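Student: Handing you a structure now.
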Amino acid sequence: SETVTVSQIAALAVLSGFSLGAGHTLTIADTVLNLLTLTTAQVALAQAVTLKSNDTASVAQLAALAVLPAFSAGSGHVLTIADTVAHLVTLTAAQSALAQASTLLSSDSATAAQLVKLASLPAFVPGAGHVLTVTDNIANLATLTSAQRALASITTVDDTVTNVLAAQAAHSTVLSGASAVTAELDG
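Heads up: the sequence shown begins at 43 in my numbering, then just goes up one per residue.
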């Protein structure tokens, strides 16, 4: 069993008649950016692909890594997924399982449903200096748990006047915890 970098596997892949031999395995370990340059011929030589250290990938990069043979972050390494809310909420369960942490690239906004998905990602945090604003109606915000609400830096209620007035008793925690309340005229 041997571990090589992307540049080493590239050199091996062009050797005429190169093969691993019976009972031998080859693992490619490198950075996210280098792993994304692997060719089909290079990947075909490996039984596993891992990171050589902690690294960060976007959702699109993670999707490309996920199809590599037996891809993992590697022993003791952390793969962090950093992207926008719109991209992070598209992660499949299998893709999420490849990461050990997730964060926003910058300040962003989300609905209550998107916040639920973000909260289910591995060790999700908005990120240092990033503001996560959650805007939704009272009914949707009321479904959030305390832990989910805690991920948001700003919570904005956007609902009708009737719903805001009716919610004063039923959903007082949503209203009292909101950073802003926008009431639209009932139509």
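Think of the CB as a built atom: it goes at the ideal place given N, C-alpha and C, for glycine as much as any other residue. Keep in mind it's a predicted model, so treat the numbers as computed, not measured.
Taking C-beta to C-beta, are Ala152 and Leu174 nearer than 8 Å?
Tutor: Locating residue 152 in the sequence shown gives position 110, counting from the first residue. Locating residue 174 in the sequence shown gives position 132, counting from the first residue. The answer is yes: Cβ separation under 8 Å.
Student: Based on Cα-Cα distance, which residue from Ser144, Leu78, Gly219 lies nearest to Ile196?
Tutor: Position 154 of the sequence shown holds residue 196. Measuring from the Cα of Ile196, the nearest candidate turns out to be Gly219.
Student: Please work out which residues of its chain come closer than 7 Å, Cβ to Cβ, to Ser144, disregarding the five sequence neighbours upstream and downstream, and give them in chain order.
Tutor: Residue 144 sits at position 102 when you count from the first residue of the sequence shown. Same-chain partners within the cutoff: Thr122, Ile123, Leu130, Leu163, Pro164, Ala165, Phe166.
Student: If we call anything under 8 Å between Cβ atoms a contact, is Ser43 one with Thr67?
Tutor: Here residue 43 is taken as the residue at index 1 of the sequence shown, counted from 1. Here residue 67 is taken as the residue at index 25 of the sequence shown, counted from 1. Yes. Within cutoff.
Student: Could you give the distance in angstroms between the alpha-carbon of Phe60 and the alpha-carbon of Val46?
Tutor: Translated into positions along the sequence shown, residue 60 becomes position 18. Translated into positions along the sequence shown, residue 46 becomes position 4. Rounded to the nearest angstrom, the two C-alpha atoms are 15 Å apart.
Student: Reducing DSSP to helix, strand and coil, say where Thr79 ends up.
Tutor: On the sequence shown, residue 79 is found 37 positions in, with the first residue counted as 1. Thr79: coil per DSSP, three-state reduction.
Student: Please name the residue, chosen from Leu54, Gln103, Leu217, Thr224, that lies closest to Ala141 on a Cα-to-Cα basis.
Tutor: Counted from its first residue, the sequence shown places residue 141 at position 99. Measuring from the Cα of Ala141, the nearest candidate turns out to be Gln103.
Student: Grab the span of the beta strand (DSSP E) containing Val46 for me, first residue to last.
Tutor: Along the sequence shown, read from residue 1 onward, the residue named residue 46 stands at position 4. Unbroken beta strand (DSSP E) run through Val46: 44-46.
Student: So Ser144 is in the alpha helix (DSSP H); what residue range does that whole segment cover?
Tutor: Locating residue 144 in the sequence shown gives position 102, where the first residue counts as 1. First-last for Ser144: 143-146, but that is the beta strand (DSSP E), not the alpha helix (DSSP H).
Student: Given a cut-off of 8 Å on the beta-carbon distance, is the pair Thr92 and Ala71 in contact?
Tutor: For the purposes of this step, residue 92 is taken as the residue at position 50 of the sequence shown. For the purposes of this step, residue 71 is taken as the residue at position 29 of the sequence shown. Cβ distance < 8 Å, so Thr92 and Ala71 count as in contact.
Student: Based on Cα-Cα distance, which residue from Ala170, Ala128, Lys159, Thr204 lies nearest to Asn179?
Tutor: What you label residue 179 is simply residue 137 of the sequence shown in a count that begins at 1. When each option's Cα is compared against that of Asn179, the closest is Thr204.
Student: For Leu68, which beta-bridge partners are listed by DSSP?
Tutor: By 1-based counting over the sequence shown, the position of residue 68 is 26. According to DSSP, Leu68 bridges with Glu44.
Student: If distances are taken between C-alpha atoms only, which option among Leu157, Leu62, Ala136, Ala128 comes closest to Thr185?
Tutor: As a first step, residue 185 must be located in the sequence shown, where it is residue number 143. Measuring from the Cα of Thr185, the nearest candidate turns out to be Leu157.
Student: Can you check which of these residues, Val85, Val199, Ala139, Thr187, is closest to Val120 by C-alpha distance?
Tutor: Taking the first residue of the sequence shown as 1, we reach residue 120 at position 78. Of the candidates Val85, Val199, Ala139, Thr187, the one whose C-alpha sits nearest the C-alpha of Val120 is Ala139.
Student: Excluding the five sequence neighbours on either side, which residues of its own chain have a C-beta within less than 7 Å of the C-beta of Leu147, listed in chain order?
Tutor: Against the sequence shown, residue 147 aligns to sequence position 105. Same-chain partners within the cutoff: Ala124, Asp125, Thr126.
Student: Assuming Ser162 is part of the alpha helix (DSSP H), what are its boundary residues?
Tutor: Mapped onto the sequence shown, residue 162 falls at position 120. Its alpha helix (DSSP H) spans residues 154-162.
Student: Run through the DSSP bridge pairs and tell me what Ile123 is partnered with.
Tutor: For the purposes of this step, residue 123 is identified with residue 81 of the sequence shown, where counting begins at 1. Bridge partners of Ile123: Ala99, Ser144.
Student: If you compare alpha carbons, which of Ala208, Leu54, Lys94 is closest to Thr73?
Tutor: One-based indexing of the sequence shown puts residue 73 at position 31. Ranking the options by Cα distance to Thr73, first place goes to Lys94.
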